[in-house]
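**Q** Dropping the structure in here first, questions after.
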Amino acid sequence: MIGSDSLRRLTRRVLALLLLASVLIATLPLQATAQSDLRYFGETGHYLRGAFRAYWERNGGAAIFGYPITEEYFRSDGRIVQWFQRARFELAQGNPPVVQLGQLGREFTSDRIFPQVPPQASTSRIRYFGETSHTLRGLFKETWERRGGLAIFGYPISEEIYENIGGQWTLVQYFERQRFELRLYPSRVEFGLLGDALAPAQLRDPWPPNIAPDRPLNEDGTPRPPPFRPGTYASARVIAEGGKDETYRVEGEGFRPGERVRFLLSSPDCECRPFAIDPQPLADVNGSISYAQVRFNARNYQRGRWYLTAQGLTSNRAGIAQFFVGEAPAVSQPGGVVVGTTPQTAGFGQAVIIQGGGFQPEEQVSLWLTAPDQSVRAIPESPRADGGGSISGANIRIAIDNTFRTGVWFITAQGRSSGRQAIGSFRVDIAAAPPPPPPSQAPGDPGRLGLLIHTDLRVSGAGAITPLAGPPGSGFVFTASGFDASEKVGVWLTRPAGGGVEAINETLLQRSGGNVRVAFRVDRDQQGIWTITAQGSATGRAVTAPFKITRDYVAPPGTPRPATSRNASVTPGEGGQRATFRLTATGFRANETLEFWITSPDGLYVLNTPVQADNRGRIGVSPALGVQFGPRNPTGVYGYHYRGTASGVRADIYFTYTGAP
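Sequential numbering of the sequence shown, starting at 652, is according to my numbering.
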């Protein structure tokens, strides 16, 4: 037995050792724990760590900021910076260092001026900010106050306005650091992807999930990440070099730096045997074996599909690649999961559209390309499959520019929830035949594109409707307020010239206190002025908004472009996705308020928030006014129209958007 004195001495010795161990652990250098601080995001292929990770996780994470889309890097001013889909983090010098958010809202709208509103008293419904002379209301106000307020979003720098985002007119409001976007069904506020729009391209290359940069990158994006396939721990490729000897080359990455990598082959008869390479290659400092230029000859191999497994002898990480000896069969996908492009062959300056299906309904799908040299290129869009598991309706376009090598490109689509994966291919040729034109649409009437109608379509009561006009099949959004929160509100449509009444389905009504919002579509081909009415059953209060069903403003490709007003200009007059249309107009009174409306090729007439001329009666001069469109915007003739509210001076600016990538 151990005596009491011995037991006390043993206890003191153990406690002393524990105390010493705790001191040693507490004084370990930061480098020893740096790797445990890493968090990898397979959605974008980037890491988050340190102060940026703590700030991201503490202040809302992906819902507020989105996923990281670059690594940390040293900016030219010495700050460490990292971009996210919706934000930019900057590490300001201090003790301790402080994370600050970049003013993406101001940077994104640097060439625009938003009219300010006069001072007013804040109420429970409207909040006025004297710092920027703008207001906040409704769901935007509720979201701003609940999700971070001034510290996260900054002050509002615009009022609520409608903008074409992703091909849809959306109610938005800009803040110093963000853009709020109102989505329907159900009503909710989403945060704009301003980081995606502004982040430097040279910093966006994804990194493998097991190889993180050990320090912030340089601003030019160096050192570059090794190529990799998202979602795997190691990858391997077998590249046919052709010739009579049927020579193949092995490449791969994602292994532990410095470990040896062995190879196994599985024949078409499923016979698995070691593939002798002496010596077995060592993975380089980036975990890649591509540098070793490993080759083998398959001249005497059985015809058919073979599988090669590359396995790290230390990490046991493995990558599997298939290759064909002889002619490869047509690609097919298990379980009906497919992906491909339309067209299947494209040349430089053209584009292909991704088609796919068989995924889990509503899941997000990751996309990436594999080039003819087997390098991997990320596709930034991650479409959400529709109710039928299809991503074809997302209209994801790949513009073929001079960074694309000629040859066969592979496109991989992988469901993030189901793990279902499909691989398709398309060919890039130097001079591919242009894709077939879309079904022809009769040109519009250029003489009607300048017709002014908003002075005759005024809302009665506290409400609004947008757009003011559109062809049959157009969608409209109607808002009305001033009702009692508890009363029932009926909404109906009145056809032109008193031609009857149509009830609005109650499921389309969205209530928020005394406010009503209805998104509806008019499919009936009955042109003329319609009205929509909302009326409270208890108070009898009514709001009526007229709108017009007309083809007057339809201007698809082929529509002759009207002449721009003499007091205005646009450069260029015609262009595609890379064009920035520069608009100017003069002749207004100094600082005059201008009505501003847009007519678009799909026939919509949208009255926007008024703008203000500068102190010399101009717009688009200082600052410049630039308009740019994406692949989802309708093609044809656009009209940007301005009219002075005091002088009556008009400026009508017309230009043609071709949609060319």
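From the three backbone atoms N, C-alpha and C, an ideal C-beta is built for every residue, glycine too. Fair warning: this is a prediction, and the values are worked out from it, not measured in the lab.
Suppose the cutoff is 7 angstroms on Cβ atoms and the five residues either side in sequence are ignored; what does the same chain contact list for Leu-1159 look like?
**A** Result list for Leu-1159: Val-1169, Ala-1170, Phe-1171, in chain order.
**Q** Please report the Cβ distance between Gly-955 and Val-989, rounded to the nearest whole angstrom; I am assuming they are in contact, meaning their Cβ atoms lie under 8 angstroms.
**A** That pair is no contact at about 23 angstroms.
**Q** For Arg-834, report the span of its beta strand (DSSP E) as first-last.
**A** 830-834 is the span of the beta strand (DSSP E), which, as asked, contains Arg-834.
**Q** Ala-1241 by DSSP, collapsed to three states: which one?
**A** It is coil, neither helix nor strand.
**Q** Leaving out the 5 sequence neighbours to the left and right, which residues in its chain are closer than 6 angstroms to Pro-864 when beta-carbon positions are compared?
**A** Result list for Pro-864: Glu-722, in chain order.
**Q** Identify which residue in Trp-858, Arg-797, Leu-790, Gln-995 has its Cα closest to the Cα of Val-840.
**A** Among Trp-858, Arg-797, Leu-790, Gln-995, the Cα nearest to that of Val-840 belongs to Leu-790.
**Q** Only counting the same chain, and skipping five residues up and downstream in sequence, which positions put a Cβ closer than 7 angstroms to that of Trp-1248?
**A** Counting only Cβ-Cβ distances below 7 angstroms, and skipping sequence neighbours, we find His-1105, Tyr-1256, Val-1257, Leu-1258, Asn-1259, His-1292.
**Q** If you draw a straight line from the C-alpha of Arg-763 to the C-alpha of Gly-756, how long is it?
**A** Computed Cα separation, rounded: 11 angstroms.
**Q** Quick one: Cα of Pro-1312 to Cα of Ala-972, how far?
**A** Roughly 34 angstroms separates the two Cα atoms.
**Q** Let me confirm a value: Glu-902 is counted as buried when at least 16 other C-beta atoms fall within 10 Å, else exposed. Which label applies?
**A** By the 10 Å Cβ count, Glu-902 comes out buried.
**Q** Would you mind sorting Gln-944 into buried or exposed? The rule is 16 or more other CB atoms within 10 Å of its CB.
**A** Exposed.
**Q** From which residue to which residue does the beta strand (DSSP E) around Asp-847 run?
**A** No beta strand (DSSP E) holds Asp-847; the alpha helix (DSSP H) holding it covers 845-849.
**Q** Any chance the segment 1190-1208 sits against the segment 1107-1124, with 3 or more Cβ pairs inside 8 angstroms?
**A** Because the criterion of three Cβ pairs below 8 angstroms is met, the segment 1190-1208 and the segment 1107-1124 touch.
**Q** Looking at the unbroken alpha helix (DSSP H) that takes in Thr-794, where does it start and where does it end?
**A** Run containing Thr-794: 789-798, per the alpha helix (DSSP H) assignment.
**Q** For Gly-1165, which option in Ala-1189, Gly-805, Ile-1180 has the closest C-alpha, if you only look at C-alpha atoms?
**A** Of Ala-1189, Gly-805, Ile-1180, the residue nearest in Cα terms is Ala-1189.
**Q** Please report the Cβ distance between Arg-730 and Ala-713, rounded to the nearest whole angstrom; I am assuming they are in contact, meaning their Cβ atoms lie under 8 angstroms.
**A** In fact, because the Cβ distance is near 23 angstroms, the residues do not count as touching under 8 angstroms.
**Q** Check whether the segment 1094-1108 touches the segment 1142-1156, counting contact only when three or more Cβ pairs, one atom from each stretch, lie closer than 8 angstroms.
**A** Cβ pair count under 8 angstroms is below three, so no.
**Q** Would you mind reading off the limits of the beta strand (DSSP E) that contains Arg-1099?
**A** Careful: Arg-1099 lies outside any beta strand (DSSP E) and carries neither H nor E.
**Q** Grab me the residues of Val-1152's own chain with a C-beta within less than 8 angstroms of its C-beta, minus the 5 sequence neighbours each way, in chain order.
**A** Contacts found: Trp-1143, Leu-1144, Thr-1145, Arg-1146.
**Q** Measure the alpha-carbon distance for Gln-1015 versus Arg-1071 and round it to whole angstroms.
**A** Going from the Cα of Gln-1015 to the Cα of Arg-1071 covers about 11 angstroms.
**Q** Comparing C-alpha positions only, which one of Leu-833, Gln-1065, Arg-1269, Ala-848 sits nearest to Thr-1315?
**A** As displayed, the chain neither begins before 652 nor continues past 1312, which places residue 1315 out of reach and without an answer.
**Q** Beta-carbon separation of Leu-1020 and Phe-974 under 8 angstroms?
**A** No; because the gap between Cβ atoms is not below 8 angstroms, this pair is not in contact.
**Q** For Ala-1241 and Gly-1295, I'd like the C-alpha separation in whole angstroms.
**A** Cα to Cα, Ala-1241 sits roughly 10 angstroms from Gly-1295.
**Q** Less than 7 angstroms between C-beta atoms, sequence neighbours within five positions excluded: which residues of the same chain meet that for Glu-870?
**A** Once the five neighbours on either side are set aside, the close Cβ partners of Glu-870 are Tyr-724, Phe-725, Arg-726, Ser-727.
**Q** Spell out a yes or no on whether the segment 1043-1062 and the segment 1005-1014 are touching, meaning 3 or more CB-CB pairs, one atom from each, closer than 8 angstroms.
**A** With the cut-off at 8 angstroms, the segment 1043-1062 and the segment 1005-1014 touch.
**Q** Beta-carbon separation of Tyr-1204 and Gly-1124 under 8 angstroms?
**A** Taking 8 angstroms as the Cβ cut-off, Tyr-1204 and Gly-1124 do not qualify as a contacting pair.
**Q** Rounding to the nearest angstrom, what Cα-Cα distance links Glu-897 and Glu-827 in this structure?
**A** Those two C-alpha atoms are separated by around 60 angstroms.
**Q** For the putative contact between Thr-996 and Phe-1077, defined by C-beta atoms under 8 angstroms, what is the C-beta separation to the nearest angstrom?
**A** With 8 angstroms as the limit, Thr-996 and Phe-1077 qualify as a contact, their Cβ atoms being about 7 angstroms apart.
**Q** Just to confirm the assignment, what range does the beta strand (DSSP E) spanning Phe-1306 have?
**A** Note, Phe-1306: beta strand (DSSP E), 1301-1308.
**Q** Applying the 10 Å Cβ sphere with the 16-neighbour rule, what's the burial state of Asp-688?
**A** It counts as exposed.
**Q** Can you pull the DSSP bridge partners for Leu-752?
**A** Looking at the DSSP assignment, Leu-752 forms a beta bridge with Phe-740.
**Q** If you run the structure through DSSP and keep just helix, strand and coil, what is Trp-707?
**A** In this structure, Trp-707 counts as helix in the three-state DSSP scheme.
**Q** Under three-state DSSP, which class holds Ile-1116?
**A** Note: Ile-1116 maps to strand in three-state DSSP.
**Q** For Glu-1225 and Thr-1286, which I take to be in contact (beta-carbon distance under 8 angstroms), what is that distance rounded to the nearest angstrom?
**A** Between Thr-1286 and Glu-1225 the Cβ distance is about 11 angstroms, and since that is not below 8 angstroms, they are no contact.
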